[in-house]
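Participant: Position one of the sequence shown corresponds to residue 22 (our numbering), numbered consecutively onward.
Backbone N, C-alpha and C fix where the C-beta goes; we use that ideal spot for every residue, glycine too.
None of these values were measured; they are calculated from a predicted model.
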Amino acid sequence: MAKNWYQSVLKSIAVSVAAASLIACSSSGGGESGGSSDSQGGRKTVTVSEFTGVEQSDDMWIEHITGSTYEGWMMCVKNSDDITVEVNPYLGTGADAPELETYVEKFKAVGGINAGGFMDEGGTGNGSIPQGIVIHNGELLYGNPNVYQSIIGIDKDDKLVCTGGTGNDALKWGMKEAVTFGPVFISNYEDVFDRNYQNLAMLNPRTAIGQASDGTMLLLVLDGRGPSSFGAKYEDVIDIFRSYDAINAANLDGGNSTAMIYNGEYVNNTVSMYGSRNLPTVFLVKEGKGN
Numbered sequence: 022m023a024k025n026w027y028q029s030v031l032k033s034i035a036v037s038v039a040a041a042s043l044i045a046c047s048s049s050g051g052g053e054s055g056g057s058s059d060s061q062g063g064r065k066t067v068t069v070s071e072f073t074g075v076e077q078s079d080d081m082w083i084e085h086i087t088g089s090t091y092e093g094w095m096m097c098v099k100n101s102d103d104i105t106v107e108v109n110p111y112l113g114t115g116a117d118a119p120e121l122e123t124y125v126e127k128f129k130a131v132g133g134i135n136a137g138g139f140m141d142e143g144g145t146g147n148g149s150i151p152q153g154i155v156i157h158n159g160e161l162l163y164g165n166p167n168v169y170q171s172i173i174g175i176d177k178d179d180k181l182v183c184t185g186g187t188g189n190d191a192l193k194w195g196m197k198e199a200v201t202f203g204p205v206f207i208s209n210y211e212d213v214f215d216r217n218y219q220n221l222a223m224l225n226p227r228t229a230i231g232q233a234s235d236g237t238m239l240l241l242v243l244d245g246r247g248p249s250s251f252g253a254k255y256e257d258v259i260d261i262f263r264s265y266d267a268i269n270a271a272n273l274d275g276g277n278s279t280a281m282i283y284n285g286e287y288v289n290n291t292v293s294m295y296g297s298r299n300l301p302t303v304f305l306v307k308e309g310k311g312n
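1) Closest to Tyr255 by C-alpha separation, out of Ala229, Met196 and Glu198, would be which residue?
2) Looking only at its chain, what residues have a beta carbon closer than 8 Å to the beta carbon of Asn272, apart from the 5 residues adjacent to it on each side?
3) So what does DSSP say about Leu374, is it helix, strand or coil?
4) Would you check if there are 3 or more beta carbon pairs closer than 8 Å linking the stretch 114-130 to the stretch 284-299?
5) Just how far apart, CA to CA, sit Gly285 and Ile134?
6) Opposite Glu107 in the DSSP bridges: which residues?
7) Beta strand (DSSP E) containing Ala229: first to last residue?
8) Check Lys254 in the structure and name its three-state DSSP category.
9) Please classify Ala116 as buried or exposed, where buried requires at least 16 other C-beta atoms within 10 Å of its C-beta.
10) Taking only runs that begin and end inside the stretch 119-164, name each unbroken beta strand (DSSP E) of 3 or more residues, in chain order.
11) I need the straight-line Cα distance from Asp80 to Tyr163, nearest angstrom please.
12) Could you give the DSSP three-state label for Ala222: helix, strand or coil?
13) Check the C-beta distance from Ile172 over to Pro301 and give it rounded, since I have them as a contact under 8 Å.
14) For Ser264, does the three-state DSSP call read helix, strand or coil?
15) Give me the Cα-Cα distance between Ile261 and Ala130, rounded to the nearest whole angstrom.
16) Check whether the Cβ atoms of Phe304 and Val108 sit closer than 8 Å, and answer yes or no.
17) With a threshold of 16 other CB atoms inside 10 Å of the CB of Val168, please say whether the residue is buried or exposed.
18) Using only alpha-carbon positions, find the residue among Asp266, Gly195, Gly93 and Phe139 that is nearest to Asp274.
19) Specify the secondary structure class of Gly174 as computed by DSSP and reduced to three states.
20) Can you list, in chain order, the residues of its chain whose CB lies under 8 Å from that of Ala222, leaving out five sequence neighbours each side?
21) Roughly how many whole angstroms lie between the Cα atoms of Thr184 and Met196?
22) Just curious, the alpha helix (DSSP H) that Gly275 is in, first and last residue?
23) Please report the Cβ distance between Gln232 and Leu239, rounded to the nearest whole angstrom; I am assuming they are in contact, meaning their Cβ atoms lie under 8 Å.
24) Note down the Cα distance separating Glu84 from Lys193, rounded to an integer number of angstroms.
25) Tell me whether Leu192 sits in a helix, a strand or coil according to DSSP, three-state version.
26) Would you mind giving the Cβ-Cβ distance between Leu161 and Gly188, rounded to the nearest angstrom? I have them listed as a contact below 8 Å.
27) Alpha carbon to alpha carbon, how far is Ser89 from Gly245? Give it in angstroms, no decimals.
28) Would you check if the distance between the CB atom of Thr291 and the CB atom of Lys99 is smaller than 8 Å?
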């Protein structure tokens with residue numbers, strides 16, 4: 022099982038700046054960080070630090086993020102074509118879905134995060150049945166193609182799409198990788214989150230995905246339910262993505278599912294001391310796959 026080096030990495034972080042002085046993940050890679058924070062725009066201070074681990078590259082890097090109630094990591098991936106969706110390989114058998122580290126190893130990925138939700142009628146949490154649809158390599162692998170639902174994924178033009186539609190709609194739009202979850206936070210630079218959402222004030226572990234103006238894909242995990250990180254509200258997630266100049270951004274499955282792996286090790290401190298829970302779908306980063 023992948024090691025959880027959360028505490029050791031946290032101690033090694035030396036560079037931190039306020040979001041007011043930050044710029045979006047840039048082509049120089051490795052530590053130039055997201056956007057500006059201004060009181061007029063209602064943005065909160067987001068502190069971002071350079072990731073000091075090994076194998077950092079111009080194509081992919083990770084930044085440590087802290088706020089008043091949370092800490093977490095942003096994985097920045099320059100080539101969106103390096104990101105793929107993988108689904109439970111035991112789909113339809115009722116068997117437990119793999120944990121994140123198993124996906125990463127099986128599909129020879131550099132890293133990854135959890136993605137869509139799962140059906141949990143029995144409360145067993147084995148992740149065997151995805152919620153909604155799953156699209157991989159432009160094919161609908163799972164889900165009813167005629168049901169309207171949330172769609173979060175990457176299209177043939179390497180753009181992050183966060184919207185509602187049917188599986189058939191997604192295929193017509195040229196979606197090559199997609200899952201179902203929500204809510205959508207940012208659409209075409211606009212904050213579209215419904216402030217009447219019932220869970221607005223709750224602090225929880227969060228996983229989300231976005232895309233910066235330069236095309237960089239933004240994979241975010243925020244820890245929660247722990248002594249050093251209570252969790253984040255949806256509005257905290259929006260503030261983070263706005264500081265990274267996100268064009269589009271949406272929520273993925275959080276809570277006990279929140280997990281990120283890079284270079285064979287857990288980046289974040291998962292709720293479970295044993296690492297990732299069983300996951301029906303994941304976003305994996307296969308560095309070098311993109312052109």
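Facilitator: According to the structure shown:
1) Position 234 of the sequence shown, counting from 1, holds the residue named residue 255. The residue with the shortest Cα to Cα distance from Tyr255 is Ala229.
2) As a position in the sequence shown, residue 272 is number 251, starting the count at 1. Same-chain partners within the cutoff: Phe202, Gly203, Pro204, Val205, Phe206, Arg227, Thr228, Ala229, Tyr255 and Val258.
3) Absent from the model: residue 374. The displayed extent of the chain is 22 to 312, so no value can be given.
4) In this structure the stretch 114-130 touches the stretch 284-299; the number of beta carbon pairs closer than 8 Å is three or more.
5) In the sequence shown, residue 285 corresponds to position 264, counting from 1. In the sequence shown, residue 134 corresponds to position 113, counting from 1. Those two C-alpha atoms are separated by around 12 Å.
6) Translated into positions along the sequence shown, residue 107 becomes position 86. Listed as beta-bridge partners of Glu107 by DSSP are Val303.
7) Against the sequence shown, residue 229 aligns to sequence position 208. Looking at the DSSP string, the run of the beta strand (DSSP E) that includes Ala229 is Arg227 to Ala233.
8) For the purposes of this step, residue 254 is identified with residue 233 of the sequence shown, where counting begins at 1. Coil, per DSSP.
9) In the sequence shown, the residue the question calls residue 116 occupies position 95. Around the C-beta of Ala116, fewer than 16 other C-beta atoms lie within 10 Å, and the residue is accordingly described as exposed.
10) Here the runs fully enclosed are 132-135, 155-157 and 160-163.
11) Against the sequence shown, residue 80 aligns to sequence position 59. Against the sequence shown, residue 163 aligns to sequence position 142. Whole-angstrom Cα-Cα distance: 31 Å.
12) As a working mapping, residue 222 is identified with position 201 in the sequence shown. It is coil, neither helix nor strand.
13) The residue you call residue 172 lines up with position 151 of the sequence shown. The residue you call residue 301 lines up with position 280 of the sequence shown. Ile172 to Pro301, Cβ: 16 Å. No contact.
14) As a working note, residue 264 is residue 243 in the sequence shown. Helix at Ser264.
15) In the sequence shown, the residue the question calls residue 261 occupies position 240. In the sequence shown, the residue the question calls residue 130 occupies position 109. If I take the Cα positions, the gap works out to 26 Å.
16) Start at 1 with the first residue of the sequence shown, and residue 304 comes out as number 283. Start at 1 with the first residue of the sequence shown, and residue 108 comes out as number 87. No.
17) Within the sequence shown, the letter at position 147 stands for residue 168. Counting C-beta atoms within 10 angstroms of its own C-beta, Val168 has fewer than 16 neighbours from the protein chains shown and is therefore classed as exposed.
18) Here residue 274 corresponds to residue number 253 of the sequence shown, with the count starting at 1. It is Phe139.
19) If you number the sequence shown from 1, residue 174 lands on position 153. It is a strand residue.
20) Indexing the sequence shown from 1 puts residue 222 at position 201. Cβ neighbours of Ala222 beyond the five flanking positions: Lys254.
21) As a first step, residue 184 must be located in the sequence shown, where it is residue number 163. As a first step, residue 196 must be located in the sequence shown, where it is residue number 175. Approximately 12 Å between the Cα atoms of the pair.
22) Start at 1 with the first residue of the sequence shown, and residue 275 comes out as number 254. Taken as a continuous stretch (DSSP letters only), Gly275 belongs to no alpha helix (DSSP H), as it is neither H nor E.
23) Start at 1 with the first residue of the sequence shown, and residue 232 comes out as number 211. Start at 1 with the first residue of the sequence shown, and residue 239 comes out as number 218. Yes, Gln232 and Leu239 are in contact; Cβ-Cβ is about 6 Å, under 8 Å.
24) Here the question's residue 84 lines up with position 63 in the sequence shown. Here the question's residue 193 lines up with position 172 in the sequence shown. Lys193 has its alpha-carbon roughly 35 Å from the corresponding atom of Glu84.
25) Working through the sequence shown from its first residue, we reach residue 192 at position 171. Leu192 carries a helical assignment under DSSP once its states are collapsed to helix, strand and coil.
26) Locating residue 161 in the sequence shown gives position 140, where the first residue counts as 1. Locating residue 188 in the sequence shown gives position 167, where the first residue counts as 1. So it is a contact: roughly 5 Å between Cβ atoms.
27) By 1-based counting over the sequence shown, the position of residue 245 is 224. By 1-based counting over the sequence shown, the position of residue 89 is 68. Roughly 12 Å separates the two Cα atoms.
28) The count along the sequence shown starts at 1 and reaches residue 291 at position 270. The count along the sequence shown starts at 1 and reaches residue 99 at position 78. Taking 8 Å as the Cβ cut-off, Thr291 and Lys99 do not qualify as a contacting pair.
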